[in-house]
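A quick write-up on the structure given underneath.
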Amino acid sequence: MKGWAVFFLLTALIAGALASWEDYTQFLSLGSLRVQAEDPVAEALFWQNIEPEMVRFWPLFLLRRENLRQRLETEAPLSVSMGRESLLSFTVEMKPLVPWLLFRWQERDFYLSRGGSIWKKEHPLNARLRGIHPPSLPPVVLADTFPSPEGILAEGQMVSKCVFPVETLAGWIDSLSSTEWFSRMQKLVVSRREGQFLLEVFWQQQKITVRLLFTGDRKRWSEIFSALSQILKQLQFSGEDIIIDTTYSDRIIVRSVQGRGKEGSGK
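As C-alpha coordinates, this is what we get:
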(Lines of atoms letter the chains of each structure in order from A and count residues from 1; the text may use other names and numbers.)
(Lines give C-alpha, C1' and ligand atoms only; values in the text may rest on other atoms or scores of the structure.)
Protein backbone atom coordinates (compact mmCIF):
# COMPACT_ATOMS: atom_id res chain seq x y z
CA MET A 1 0.00 0.00 0.00
CA LYS A 2 2.86 2.28 0.92
CA GLY A 3 4.44 1.61 -2.46
CA TRP A 4 1.33 2.75 -4.29
CA ALA A 5 1.22 5.94 -2.24
CA VAL A 6 4.79 6.71 -3.22
CA PHE A 7 4.01 5.97 -6.89
CA PHE A 8 1.00 8.32 -6.96
CA LEU A 9 2.97 11.00 -5.17
CA LEU A 10 5.80 10.80 -7.69
CA THR A 11 3.34 10.80 -10.58
CA ALA A 12 1.65 13.91 -9.22
CA LEU A 13 5.01 15.63 -8.75
CA ILE A 14 6.14 14.79 -12.30
CA ALA A 15 2.79 15.86 -13.79
CA GLY A 16 2.88 19.11 -11.85
CA ALA A 17 6.44 19.78 -12.98
CA LEU A 18 5.55 19.09 -16.61
CA ALA A 19 2.46 21.31 -16.37
CA SER A 20 4.52 24.09 -14.82
CA TRP A 21 7.21 23.72 -17.50
CA GLU A 22 4.61 23.72 -20.29
CA ASP A 23 2.94 26.79 -18.82
CA TYR A 24 6.31 28.53 -18.78
CA THR A 25 7.59 27.42 -22.18
CA GLN A 26 4.16 26.84 -23.86
CA PHE A 27 5.71 24.13 -26.03
CA LEU A 28 2.23 22.75 -26.81
CA SER A 29 1.05 26.04 -28.29
CA LEU A 30 0.67 26.48 -32.04
CA GLY A 31 3.85 27.76 -33.62
CA SER A 32 1.82 29.80 -36.09
CA LEU A 33 -1.67 29.88 -37.50
CA ARG A 34 -1.85 31.80 -40.76
CA VAL A 35 -5.30 32.70 -42.11
CA GLN A 36 -5.47 33.50 -45.82
CA ALA A 37 -8.80 35.16 -46.55
CA GLU A 38 -9.87 37.35 -49.45
CA ASP A 39 -12.22 39.19 -47.16
CA PRO A 40 -11.69 40.55 -43.61
CA VAL A 41 -15.25 39.50 -42.75
CA ALA A 42 -14.34 35.88 -43.47
CA GLU A 43 -11.19 36.09 -41.36
CA ALA A 44 -13.12 37.67 -38.48
CA LEU A 45 -15.61 34.82 -38.70
CA PHE A 46 -12.77 32.32 -38.29
CA TRP A 47 -11.40 33.95 -35.15
CA GLN A 48 -14.90 34.22 -33.69
CA ASN A 49 -15.43 30.48 -34.10
CA ILE A 50 -12.10 28.99 -33.09
CA GLU A 51 -11.81 27.92 -29.45
CA PRO A 52 -8.92 29.54 -27.52
CA GLU A 53 -7.81 26.08 -26.38
CA MET A 54 -7.21 25.12 -30.03
CA VAL A 55 -4.61 27.88 -30.33
CA ARG A 56 -3.12 27.21 -26.91
CA PHE A 57 -2.73 23.45 -27.48
CA TRP A 58 -1.87 22.26 -30.99
CA PRO A 59 -3.04 18.65 -30.35
CA LEU A 60 -6.53 20.06 -29.76
CA PHE A 61 -6.31 21.96 -33.04
CA LEU A 62 -5.47 18.71 -34.81
CA LEU A 63 -8.39 16.90 -33.20
CA ARG A 64 -11.00 19.62 -33.70
CA ARG A 65 -10.01 21.37 -36.93
CA GLU A 66 -12.35 19.28 -39.11
CA ASN A 67 -15.30 20.13 -36.87
CA LEU A 68 -14.33 23.79 -37.08
CA ARG A 69 -14.12 23.65 -40.87
CA GLN A 70 -17.52 21.98 -41.13
CA ARG A 71 -19.08 24.50 -38.76
CA LEU A 72 -17.77 27.43 -40.80
CA GLU A 73 -18.90 25.93 -44.12
CA THR A 74 -22.41 25.12 -42.86
CA GLU A 75 -22.99 28.53 -41.29
CA ALA A 76 -21.46 30.78 -43.97
CA PRO A 77 -21.13 30.67 -47.79
CA LEU A 78 -17.41 29.94 -47.57
CA SER A 79 -14.98 27.32 -48.79
CA VAL A 80 -12.50 26.52 -46.01
CA SER A 81 -9.36 24.40 -46.25
CA MET A 82 -6.76 23.75 -43.55
CA GLY A 83 -3.22 22.55 -44.10
CA ARG A 84 -0.12 21.83 -42.05
CA GLU A 85 3.07 23.70 -42.89
CA SER A 86 5.22 22.16 -40.17
CA LEU A 87 4.82 20.28 -36.89
CA LEU A 88 3.40 23.29 -35.06
CA SER A 89 2.37 25.56 -37.93
CA PHE A 90 -0.91 25.52 -39.83
CA THR A 91 -2.53 27.55 -42.57
CA VAL A 92 -6.21 28.22 -43.20
CA GLU A 93 -7.54 29.34 -46.59
CA MET A 94 -11.02 30.86 -46.82
CA LYS A 95 -12.81 31.80 -50.04
CA PRO A 96 -16.40 32.95 -50.56
CA LEU A 97 -18.58 30.61 -52.57
CA VAL A 98 -19.37 31.92 -56.05
CA PRO A 99 -23.09 31.83 -56.94
CA TRP A 100 -23.48 29.98 -60.22
CA LEU A 101 -27.28 29.82 -60.48
CA LEU A 102 -30.29 31.32 -58.82
CA PHE A 103 -32.62 28.53 -57.72
CA ARG A 104 -36.29 29.33 -57.06
CA TRP A 105 -38.53 26.88 -55.19
CA GLN A 106 -41.91 27.65 -53.60
CA GLU A 107 -41.32 31.41 -53.97
CA ARG A 108 -37.98 31.16 -52.14
CA ASP A 109 -34.69 32.05 -53.80
CA PHE A 110 -31.39 30.21 -53.29
CA TYR A 111 -27.87 30.63 -54.57
CA LEU A 112 -26.21 27.51 -55.95
CA SER A 113 -22.45 27.16 -56.44
CA ARG A 114 -20.97 25.07 -59.23
CA GLY A 115 -19.67 22.69 -56.59
CA GLY A 116 -23.19 22.01 -55.34
CA SER A 117 -23.38 24.16 -52.21
CA ILE A 118 -26.70 25.91 -51.75
CA TRP A 119 -27.81 28.70 -49.43
CA LYS A 120 -30.64 31.22 -49.22
CA LYS A 121 -30.38 34.42 -51.21
CA GLU A 122 -31.18 36.45 -48.10
CA HIS A 123 -28.25 35.00 -46.10
CA PRO A 124 -26.89 38.03 -44.20
CA LEU A 125 -23.30 37.41 -45.33
CA ASN A 126 -24.19 37.62 -49.04
CA ALA A 127 -24.08 41.39 -48.80
CA ARG A 128 -20.90 41.47 -46.71
CA LEU A 129 -18.55 38.96 -48.31
CA ARG A 130 -16.61 40.10 -51.35
CA GLY A 131 -17.09 37.96 -54.43
CA ILE A 132 -20.72 37.03 -53.78
CA HIS A 133 -22.82 38.58 -56.54
CA PRO A 134 -26.11 37.59 -58.19
CA PRO A 135 -25.50 35.00 -60.93
CA SER A 136 -25.54 36.15 -64.54
CA LEU A 137 -27.29 32.99 -65.80
CA PRO A 138 -31.10 32.87 -66.06
CA PRO A 139 -32.84 31.56 -62.92
CA VAL A 140 -33.87 27.94 -62.58
CA VAL A 141 -37.36 27.43 -61.16
CA LEU A 142 -38.11 24.08 -59.53
CA ALA A 143 -41.72 22.88 -59.44
CA ASP A 144 -43.28 22.90 -55.99
CA THR A 145 -43.63 19.11 -56.16
CA PHE A 146 -39.86 18.70 -55.74
CA PRO A 147 -38.40 18.51 -52.22
CA SER A 148 -36.53 21.55 -50.97
CA PRO A 149 -33.23 21.79 -52.88
CA GLU A 150 -31.35 22.48 -49.63
CA GLY A 151 -32.61 19.28 -48.02
CA ILE A 152 -33.30 18.94 -44.30
CA LEU A 153 -31.08 21.36 -42.40
CA ALA A 154 -29.62 20.71 -38.98
CA GLU A 155 -30.12 23.28 -36.24
CA GLY A 156 -28.10 26.39 -37.08
CA GLN A 157 -27.18 25.14 -40.54
CA MET A 158 -27.49 27.72 -43.32
CA VAL A 159 -25.42 26.18 -46.13
CA SER A 160 -25.84 22.62 -47.39
CA LYS A 161 -25.27 20.40 -50.41
CA CYS A 162 -28.01 20.67 -53.03
CA VAL A 163 -30.18 17.54 -53.17
CA PHE A 164 -31.11 18.21 -56.80
CA PRO A 165 -28.60 16.51 -59.18
CA VAL A 166 -26.21 19.37 -59.94
CA GLU A 167 -24.30 17.55 -62.69
CA THR A 168 -27.56 16.90 -64.54
CA LEU A 169 -28.45 20.56 -64.21
CA ALA A 170 -24.99 21.62 -65.41
CA GLY A 171 -25.40 19.42 -68.49
CA TRP A 172 -28.67 21.14 -69.34
CA ILE A 173 -27.20 24.61 -68.88
CA ASP A 174 -24.09 23.79 -70.93
CA SER A 175 -26.19 22.45 -73.81
CA LEU A 176 -28.66 25.33 -73.73
CA SER A 177 -25.86 27.91 -73.64
CA SER A 178 -24.76 26.79 -77.10
CA THR A 179 -28.08 27.86 -78.68
CA GLU A 180 -28.68 31.13 -80.50
CA TRP A 181 -31.57 32.06 -78.18
CA PHE A 182 -29.83 31.43 -74.85
CA SER A 183 -28.94 35.11 -74.46
CA ARG A 184 -32.68 35.96 -74.55
CA MET A 185 -33.63 33.21 -72.11
CA GLN A 186 -35.59 34.48 -69.10
CA LYS A 187 -35.86 31.33 -66.99
CA LEU A 188 -35.71 27.55 -67.00
CA VAL A 189 -38.59 25.76 -65.28
CA VAL A 190 -38.02 22.15 -64.19
CA SER A 191 -40.87 19.79 -63.37
CA ARG A 192 -41.65 16.07 -63.70
CA ARG A 193 -44.06 14.46 -66.11
CA GLU A 194 -44.67 10.72 -66.30
CA GLY A 195 -41.48 9.87 -64.42
CA GLN A 196 -39.06 12.06 -66.36
CA PHE A 197 -37.80 15.62 -66.14
CA LEU A 198 -39.74 18.18 -68.16
CA LEU A 199 -37.95 21.45 -68.98
CA GLU A 200 -39.66 24.66 -70.00
CA VAL A 201 -37.52 27.43 -71.43
CA PHE A 202 -38.97 30.94 -71.64
CA TRP A 203 -37.57 33.78 -73.70
CA GLN A 204 -38.70 36.98 -75.37
CA GLN A 205 -38.67 37.54 -79.12
CA GLN A 206 -40.23 40.59 -80.74
CA LYS A 207 -42.24 41.23 -77.53
CA ILE A 208 -43.62 37.70 -77.78
CA THR A 209 -43.05 35.10 -75.06
CA VAL A 210 -41.78 31.84 -76.48
CA ARG A 211 -42.24 28.77 -74.31
CA LEU A 212 -40.12 25.83 -75.33
CA LEU A 213 -40.67 22.32 -73.90
CA PHE A 214 -38.04 19.57 -73.67
CA THR A 215 -37.57 16.33 -71.83
CA GLY A 216 -34.53 16.19 -69.57
CA ASP A 217 -32.91 13.48 -71.71
CA ARG A 218 -30.27 15.25 -73.82
CA LYS A 219 -29.78 12.41 -76.32
CA ARG A 220 -32.01 14.10 -78.93
CA TRP A 221 -31.18 17.69 -78.09
CA SER A 222 -28.68 18.17 -80.91
CA GLU A 223 -31.27 17.00 -83.44
CA ILE A 224 -33.99 19.10 -81.79
CA PHE A 225 -31.83 22.25 -81.69
CA SER A 226 -31.08 21.90 -85.40
CA ALA A 227 -34.78 21.59 -86.20
CA LEU A 228 -35.64 24.51 -83.90
CA SER A 229 -33.17 26.74 -85.69
CA GLN A 230 -35.05 26.18 -88.94
CA ILE A 231 -38.47 26.54 -87.28
CA LEU A 232 -37.58 29.87 -85.67
CA LYS A 233 -36.34 31.26 -88.98
CA GLN A 234 -39.66 30.42 -90.64
CA LEU A 235 -41.91 31.28 -87.72
CA GLN A 236 -44.27 34.23 -88.17
CA PHE A 237 -44.89 36.05 -84.89
CA SER A 238 -48.49 37.27 -85.03
CA GLY A 239 -48.69 38.92 -81.61
CA GLU A 240 -49.69 35.83 -79.63
CA ASP A 241 -47.36 33.95 -77.30
CA ILE A 242 -45.94 30.75 -78.74
CA ILE A 243 -45.51 27.23 -77.36
CA ILE A 244 -43.01 24.92 -79.06
CA ASP A 245 -43.36 21.37 -77.79
CA THR A 246 -40.44 19.05 -78.60
CA THR A 247 -41.40 16.27 -76.18
CA TYR A 248 -43.02 14.11 -78.86
CA SER A 249 -40.89 11.33 -80.29
CA ASP A 250 -41.83 11.94 -83.93
CA ARG A 251 -42.68 15.63 -84.31
CA ILE A 252 -42.37 19.17 -82.98
CA ILE A 253 -45.62 21.03 -82.37
CA VAL A 254 -45.86 24.82 -82.60
CA ARG A 255 -49.00 26.58 -81.44
CA SER A 256 -50.26 29.79 -79.90
CA VAL A 257 -51.21 30.02 -76.24
CA GLN A 258 -54.87 29.88 -77.25
CA GLY A 259 -54.30 26.33 -78.46
CA ARG A 260 -52.99 25.18 -75.08
CA GLY A 261 -53.53 21.56 -74.21
CA LYS A 262 -51.55 19.22 -72.03
CA GLU A 263 -48.07 20.02 -73.25
CA GLY A 264 -45.15 17.78 -72.54
CA SER A 265 -47.07 14.54 -72.76
CA GLY A 266 -44.59 13.14 -75.25
CA LYS A 267 -47.29 11.04 -76.87
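All residue numbers for the sequence shown refer to the working numbering, where the first residue is 72 and numbers rise by one.
A virtual CB, placed ideally from N, CA and C, is assigned to each residue, including glycine.
query, result
"Looking at C-alpha atoms only, which residue of Gln305, Gly310, Glu311 and Ser293 is the closest neighbour of Thr317?", "Ser293"
"Taking the beta carbon of Val328 as the centre, do at least 16 other beta carbons fall within 10 Å, making it buried, or is it exposed?", "exposed"
"Considering only residues of the same chain and omitting the five flanking positions on each side of Arg201, which have a CB-CB separation below 7 Å?", "Glu109, Asp110 and Pro167"
"What's the C-alpha gap between Leu259 and Ser152?", "34 Å"
"Return the bridge partner residues of Phe117 from the DSSP annotation.", "Phe117 is not bridged to any residue."
"Report the rounded CA-to-CA distance for Asp321 versus Thr286, giving the unit in angstroms.", "14 Å"
"If Met165 and Leu139 are in contact, beta carbons under 8 Å, what's the gap, nearest whole angstrom?", "Not a contact, Cβ separation roughly 12 Å."
"Counting C-beta neighbours from all protein chains within 10 Å, is the total for Ile349 16 or more, i.e. buried, or is it exposed?", "Residue numbering for the chain in the displayed model covers 72 to 338; residue 349 lies beyond these limits and cannot be assessed."
"Could you please give me the residues that DSSP links to Gln276 through a beta bridge?", "Ile279"
"Across which residues does DSSP place Val163 in a beta bridge pair?", "Val106 and Met153"
"Mind checking which residues open and close the alpha helix (DSSP H) that includes Trp129?", "Trp129 to Glu146"
"Going by beta carbon distance, what residues of the same chain come within less than 8 Å of Val169, once the five residues before and after it are set aside?", "Ser184, Arg185, Gly202 and Ile203"
"Given this structure, state the Cα-to-Cα distance separating Phe174 from Leu196, to the nearest angstrom.", "18 Å"
"Which of the three DSSP states, helix, strand or coil, is assigned to Leu269?", "strand"
"Restricting to Cα atoms, I'd like to know which of Leu116, Gln119, Leu159 and Ile302 is closest to Phe128.", "Leu159"
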